[in-house]
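Protein chains in written order, with our numbering: chain A, 1169 to 1489; chain B, 5 to 326.
Just so you know, even glycine gets a beta-carbon here, dropped at the ideal spot from N, CA and C.
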Amino acid sequence: MVRLAASASPRAWLPWQIRPTRKRVPRTTTTRTLISSVQLNRARGKIVYRIVLTLVIVAFTLIFIGPMYFLFTDGLKSTQEAIATPPTLYPHHIYPGTYKAAFDRLDIAQLMWNTVYYAFGALVFQLIFDVAAAYSLSALRPVLGNVVLFAMLATLMIPAAVLVVPQYVTMVDLPILHVNLIGTPEAIWLPSVANAFNIYLLKRFFDSIPRDYIDAAQVDGASRTMILLRIVLPISRPILAVVSIFGLVAVWKDFLWPLLAEYGYTPTRETLNVGIWQASQQTPQNLIIAASAMAAIPTIVFFLIFQRNIMAGLTAGGIRG
Amino acid sequence: MADVATAPKPLARRRLPQRRRGSYLAPKLQRNVAAWGFLIGAVLCFSFFSWYPIVREVILSFQKPIYGGGYAWAGWFNYKLIFHDPTFWLAWRNTLEFTLLALVVGFAVPFFVAILLNELRHARGYLRVLVYLPVMLPPASALLLFAYFYNPQYGLFDDILRILHLPSSQWVFQPGSGFVSTAMISVVIASTWMNMGGATLIYLAALQNIPGELYEAAELEGAGLFRRIRHVTIPQTRLILIMLLMLQVVATMQMFVESFVLTNGGGGVGNNTLSVVMLIYQYAFELSGASNYNAASALGVILMLVLAVFSAGFLWATRERS
């Protein structure tokens, strides 16, 4: 959490509020890395460095942007050109009709809306229930709270993919309530709340909030809900940003569970991932590539906007345990 | 009232403990009710969608369906069933093959990429964004793109082979299941491209925490580049390396989407890229005839046990010293 606070101060939690850190940490003077700057500043070091830098930039651009280049340009080819041998490196005849056809045929608008609906719905549920639970475990400390926390964290040990079958069976006929949630948005929203890592991150952050703030508010007569909303949440904005971003991304990227929970209603209830995969069985490949490109655009834009938060969150997650 | 009024200067501080002593149980009870009120939503979700399914999986694995609905006790029937299925052993073999290959590629490559990126003084932000960009793509997008590259008729990769005058390949649909099969390598390449960004950035963060003095000292002692990596970089990032190694093995053992999308849900020629989780999926939802949740659960229990034993053993083997 210290790391997180260093890279994103509590007041600045959105990317446009975070000042660039490049100025703050002049790397060459404060920390040195494997190779000293003295060595780099020698004539020979400079040449080697320039060569390596160029090579790395070229290679990385080819490896990581290269495939994405084809992701976006293959959708501009006509079907004829897309299946030509050998493949063309760029669309010789720009043919935007492919995007239009893919959009209509796969009903991308509907799939996209479904995914957004599931992702933000799951986010709302996660924020309400997980924040409340973490607050309760951190500040209110109920009887058996530690047992509950332990049971929650223990689920981190259970690999998610092995549970899909019993989860599906449970979802078909929910115990006690006897409702079938398969095919409803709740089938995605509610299981997303059972995320022990969220609870762990939130609780750990809430634990670091000075007890005095809460006590002071209590003396002033604030209720527990008021303390959560007015004291705890404003302080916790960095961690809330991390939890929210990863919550959205997780639903957007999930494949196996939506495949089970929302499959077969094409395309009225499927997510982008599942819808495109299902369509890929009987649709020309250039339409599928165009559809994949359209599915990728929101995530790329999202990443470019929130990259600093995402990378900060990654380290918060990586240093767990 | 009168009591308070006659008392010499009743301070608020003194009044508060008095009230608490008066009814000791009430505030505690009230606090617990409130706390459980906050907790109950998450606890219900965990019960229904996490704790209960874990128990249910074990129960299902010892049951079999009976006509007219419901389940009956079946003993070890499902376990015997899957042990006698030849695809069971094939799926395990494939999964281990994928895990090993993904470790060689997906564990070592990000570490050295991170070391390299950490040395560069320019274009740092750009390179970091590049490495992480594929992680953000929806997996179906990225994998369908690779399926297109791998296409034997009009795919890009075969064209590259043709330009280099190498024999063409069927990539994911290349038959044969030698221990390092072309099909599995194709899956690993796509998987690594998609996933290596996360590990790279975590390593990068760890590398930036290494105090520069250590390198300084090592250099003064005459340690060359590789000895500095060996004796400073690796020991300093050991904890992260171990953590990620474990997380990565657990994650790759659950490989599903890569092979599923690249092979159209089939598992490749002769099931040579079929993974354990794919087999679970096939038992439960795809196998001709009725879906067999029980056999799928039995397989799930086995996978769960294997991963648990691995994690515990790994943590035990790398305990202390750190």
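Between I246(B) and T196(B), the C-beta gap is not smaller than 8 Å, which leaves the two residues out of contact. The DSSP assignment places 1424–1429, 1440–1447 and 1453–1486 as complete runs of the alpha helix (DSSP H) inside the stretch 1416–1489 of chain A, in order along the chain (cut-off: 4 residues).
At a C-beta separation below 8 Å, A30(B) has no neighbours in chain A, since its nearest C-beta there lies roughly 15 Å away. For the stretch 1259–1293 of chain A, the set of positions with a beta-carbon nearer than 9 Å to some beta-carbon of chain B reads T1283 and F1293 in chain order. As a beta-bridge residue in DSSP terms, A76(B) pairs with K68(B).
Rounded to whole angstroms, the separation of the alpha carbons of P156(B) and D162(B) is 6 Å. No residue range can be given for Q178(B), since it is assigned to no alpha helix (DSSP H) and is classified by DSSP as neither H nor E. Cβ-Cβ distances below 7 Å link G1481(A) to V1410, I1413 and F1414 in the same chain, with the five nearest sequence neighbours on each side left out; the list follows chain order. Straight-line spacing of the CA atoms in T1256(A) and G1213(A) works out to 40 Å. Ranking T1253(A), R1200(A), L1416(A) and L1274(A) by CA distance to the CA of P1452(A) puts L1274(A) first.
Residues of the same chain with a CB within less than 8 Å of the CB of Q252(B), apart from the 5 flanking positions on each side, are A106, L107, G110, F111 and A203 in chain order. No Cβ of chain A is located within less than 8 Å of the beta carbon of V273(B). In this structure, L64(B) lies near N298(B), with their beta-carbon atoms less than 8 Å apart.
Taking every protein chain shown into account, the CB of V37(B) has fewer than 16 other CB atoms within 10 angstroms, so this residue is exposed. Residues of the stretch 113–130 of chain B with a C-beta atom less than 9 Å from some C-beta of chain A are V117, I119, L120, L121, N122, E123, L124, R125, H126, A127, R128, G129 and Y130, listed in chain order. Interface criterion met: the Cβ of E220(B) is under 8 Å from a Cβ in chain A. Listed in chain order, the non-local C-beta contacts of V192(B) below 8 Å within the same chain comprise F102, L105, A106, V109 and G110, local neighbours out to five positions each way being set aside. I1399(A) and Y1381(A) do touch by the CB rule: their CB atoms are close to 5 Å apart, below 8 Å.
At least one C-beta of chain A is nearer than 8 Å to the C-beta of T237(B). Taking T186(B) as the centre and dropping the five residues before and after it, the same chain places the C-beta of S173, Q174, W175, Q178 and G180 closer than 8 Å to its C-beta, in chain order. For V191(B), no chain A residue has a C-beta closer than 7 Å to its own C-beta; the minimum C-beta separation is roughly 15 Å. The residue from E220(B), M308(B), L211(B) and G317(B) with its alpha-carbon nearest to that of V1333(A) is M308(B).
Closer than 8 Å to the CB of K1245(A) there is not a single CB belonging to chain B. Taking V1284(A) as reference, the option from V1316(A), L1428(A) and D1422(A) with the minimal CA-CA separation is D1422(A).
Between the alpha carbons of P1406(A) and F1373(A) lies a distance of about 9 Å. Residues of chain B with a Cβ closer than 7 Å to the Cβ of S1304(A) are, in chain order, A39, F42 and L43. Non-local C-beta neighbours of V1340(A) in its own chain, meaning closer than 6 Å and more than five positions away in sequence, comprise N1348 and I1350, ordered along the chain.
The beta-carbon of I1203(A) is placed less than 8 Å from the nearest beta-carbon of chain B. At a cut-off of 8 Å between C-beta atoms, E61(B) counts as an interface residue with respect to chain A. Look at S1360(A) here: in three-state DSSP terms it is helix. Using a CB distance cut-off of 8 Å, A78(B) does not count as an interface residue toward chain A.
Proximity to L1416(A) across G1443(A), A1287(A), A1300(A) and T1201(A) peaks at A1287(A), based on C-alpha coordinates.
Around the beta carbon of F260(B), 16 or more other beta carbons sit within 10 angstroms, so the residue counts as buried. For V47(B), the chain A residues whose C-beta falls within less than 8 Å of its own C-beta are A1301 and V1316, listed in chain order.
Listed along chain A, no residue sits closer than 8 Å to L85(B) by beta-carbon distance, the nearest being about 15 Å off.
Between A1384(A) and chain B, the shortest Cβ-Cβ separation is not below 8 Å.
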